[in-house]
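Residues -18 to -1, 1 to 466 (mature numbering (1 follows the signal peptide of the UniProt record, and there is no 0)) are what the sequence shown spells out, left to right.
Each residue gets a CB set at the ideal place from its N, CA and C atoms; glycine is no exception.
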Amino acid sequence: MLHTILLSIFTILHLTSAKVEFSEQQQNLRIGAVFRAKEDAHLVAAFNYSLHWLHEHHNNFLLLPSAANANKNNENDGGIGTVIGYMEILEDPVDYYELLEKACRLINERDVHALIGPAHLHQSELLADLSAKLKVPFFSLIDPLAHHFLNPSDGNLMKANADADSNGAESVRQTAAEEEIVRIEMFPHTQLFEAIIDLIKYWRWSRVIVVYRQPERIRRLAIFWESDALASIRFHLVNIEHGDFLSAAKLVKELEDCGEVTNRHQQGQCSEFSRLLLDMDPQDTHQFLLAALKVGLVELKHWFLTTSLDMRHMDMELFRHNHAHFVGLDPVDTHLLSPSFSANKQLPDFDEFKQYIRAHVNAVGPSTTNSGGLKMSEAAFLFDAVYLMARQWSMPNNNISGSIGAAAARCASGQHAHRPSKFGVQIARQLRQNANIHGISGQLDRLNSYNNNNRASSTNFTFRINLLGYTGHIDDVHIKRFYA
């Protein structure tokens, strides 16, 4: 059934779903997205799926409940509003001017209330900057590679700008706070690194070799040598330069320095050095593992912990029976997204969701599928972004949808400067405050996990730990991360 919904998406798409009867004053929710044709094929499919699924299942929701029956702690309260999606596809995936031009077209001509960006770090940052100037909520789907540090009082992660200049002008601080509010990061980067640190401590790793490729990742890796809580752990950094994965794998082997050890006691200690943290995307992770296989690193003594959230969707066939341990974190709990759970939680069946994404990506062309596998986590984040907006638009405390049409944002032109949205900050704030619902990627209240002081507020987030070990199959265990 879903395969028949695959659409031609290489032009501007006007997709309407979840048609709910509103009063005449109720405005439709308009979401705009800018994607690359091949590189973001999984996001194009997820965007289409989200809108079609909302259209087909809106009758199963409690629509527009009265305020008397509303319970802010009940995630089932609230319905699905009228959602209209607009999509722009980049003709040149590396043309940044075209990226801004098409984003402004969505804002100026389509009056979108929120933007969703491509799965590219710098392009996403560029759209986030534009959205901040226009006060338009922007959903970022990728790892921002943010710099955090450990709070000495409770051991939790804090944002690096938590101690921002308190002597600055009040207007400057308010503007910065508003820009932070409209940027909604769907990727659980804080929770991810807290889980990574917890695992390293739990396993009592005394020495870790960190392998990375993007120079931007050094910002968050700095936490390993800046934090006193991790001072007992010895970290080595290996940067993959110019795409030379084989040289990086050889350097890792040299750092282990076990080949020349003849003392039996020292040989026993070598196993402590065979712990690798792979801070890379799925494609780079797979390329490095292939190089590691060539130099003999994929064997019994080695543990590979990856920050990629898509290990389950990578091609791990060559590494299944080498007795090495591969560990990855996954925000999607497939056990909870069975058809029965999905019906109760008003979510799609995850197997159906994956099948739709994979079918579309395969239809676009084989160049979009590689050994790195599908970035299914990004597709899940996109669905949750659209789902959250639609739920919020029908909440009884949504008091802005009736008048927002006259306060739309406008990009700068030859006649005027940027005109910020009058209600964009309020929309983003309400999205965060009412994100107490369950999405495909878990509890969405993580979007409101920081208060005005950038300190972690009360929330929890669940990861599945995927382990590929002796059995040759990916097993998982349950872990929860609680904020104090």
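Using the three-state DSSP reduction, which class does residue i fall into: helix, strand or coil?
i           : result
A110        : helix
W375        : helix
T350        : The predicted position of T350 is uncertain, since its pLDDT is 47 and thus under 50; a value taken from the coordinates is nonetheless stated next. It is helical.
P443        : In the sequence as presented, Pro is not what sits at residue 443; that position holds Phe. DSSP places F443 in strand when its eight states are reduced to three.
V234        : helix
A194        : The identity of residue 194 in the sequence shown is Tyr, whereas the question assumes Ala. Three-state DSSP puts Y194 in a strand.
L187        : Leu is not the amino acid found at residue 187; the sequence shown has Trp there. If DSSP states are grouped into helix, strand and coil, W187 belongs with coil.
Y452        : coil
Y432        : For Y432, the predicted structure reports a pLDDT of 49, less than 50, and the residue's modelled location is therefore unreliable. A value from the coordinates is still provided. Reduced to three states, the DSSP call for Y432 is strand.
D261        : strand
D457        : strand
E223        : coil
R302        : coil
T267        : helix
V343        : helix
E57         : Because E57 sits at a pLDDT of 41, beneath the cut-off of 50, its placement in the model cannot be relied upon, and the following sentence gives the value as read from the coordinates. Coil, per DSSP.
residue 469 : Residue 469 lies beyond the stretch modelled for the chain, which goes from -18 to 466, so this question has no answer here.
I66         : strand
D312        : strand
F169        : coil
Q328        : coil
V16         : strand
A146        : Residue placement at A146 is poorly supported in this model, since its pLDDT is 45, which falls under 50; the coordinates still yield a value, given next. Coil.
H420        : strand
S403        : coil
residue 477 : This structure cannot speak to residue 477, because the chain is shown only from -18 to 466.
I200        : helix
A96         : strand
Quick one, which of the options has its alpha-carbon nearest residue i's?
i    : options                   : result
V118 : D266, N448 and L413       : L413
L81  : D315, Q105 and L311       : Q105
A19  : D77, H39, R12 and P313    : D77
F365 : F443, L426 and A394       : L426
H295 : Q265, S209, H224 and A158 : Q265
N304 : M168, S359 and F286       : F286
D74  : D22, Y68 and A177         : D22
I422 : A345, A306, K235 and P313 : P313
Q337 : L450, L109 and L356       : L356
N430 : W35, P170, R373 and A15   : P170
H268 : T288, R257 and H284       : T288
P402 : P126, P330 and E161       : E161
R302 : R87, E107 and D457        : D457
D331 : A345, A341 and T316       : T316
F405 : A341, N448, E223 and V164 : V164
L271 : S256, T444 and F227       : F227
F363 : I124, E334 and N418       : I124
L329 : G424, H342 and P126       : G424
V234 : I179, E334, V277 and A27  : V277
E83  : N448, C393, G454 and I447 : C393
S122 : Q415, E334, R87 and V368  : V368
D210 : S376, A306, L88 and I179  : I179
F443 : A177, I66 and L450        : A177
For residue i, count neighbouring Cβ atoms within 10 angstroms of its own Cβ and tell me buried if that reaches 16, exposed if not.
i     : result
L203  : buried
L25   : buried
L(-4) : No answer about L(-4) holds up, because its pLDDT of 41 lies below 50 and its placement is not dependable.
H102  : buried
T172  : buried
V459  : exposed
S214  : exposed
N30   : buried
P197  : exposed
L33   : buried
Y452  : exposed
S5    : Here S5 scores only 33 on pLDDT, less than 50, and its place in the model should not be relied on; the value that follows carries that caveat. Classification for S5: exposed.
Q374  : buried
D292  : buried
S256  : buried
Under a CB-based cut-off of 8 Å, is residue i close to chain C?
i    : result
M358 : The structure shown contains no chain C; it holds only a single protein chain.
I believe residue i touches residue j by the beta-carbon criterion, under 8 Å. Please report the beta-carbon distance rounded to the nearest angstrom.
i           : j    : result
L311        : L174 : 6 Å
I71         : F120 : Actually they do not touch by this definition, with Cβ atoms about 18 Å apart.
A231        : L279 : 6 Å
T64         : L11  : 6 Å
L275        : L300 : 6 Å
A391        : I166 : Contact flag wrong, Cβ pair sits at about 16 Å.
G14         : Y79  : At roughly 18 Å, the Cβ-Cβ gap does not stay under 8 Å, so G14 and Y79 are not in contact.
A85         : L109 : 6 Å
residue 468 : V343 : What is shown of the chain runs -18 to 466, which leaves residue 468 out entirely.
Less than 7 Å separating the Cβ of residue i from some heavy atom of the ligand NAD?
i    : result
I422 : Absence of the ligand NAD is noted for the structure shown, with no ligands found whatsoever.
Taking 8 Å as the cut-off, does the stretch 191 to 210 touch the stretch 256 to 266 (at least 3 CB pairs, one atom from each stretch)? Yes: at least three Cβ pairs fall under 8 Å.
Three Cβ pairs or more, each shorter than 8 Å: is that satisfied between the stretch 174 to 189 and the stretch 108 to 122? Inter-segment contact for the stretch 174 to 189 and the stretch 108 to 122 is absent: fewer than three beta-carbon pairs are separated by less than 8 Å.
Touching by the beta-carbon criterion (3+ pairs, under 8 Å), the stretch 85 to 94 and the stretch 27 to 42: Because the criterion of three Cβ pairs below 8 Å is not met, the stretch 85 to 94 and the stretch 27 to 42 do not touch.
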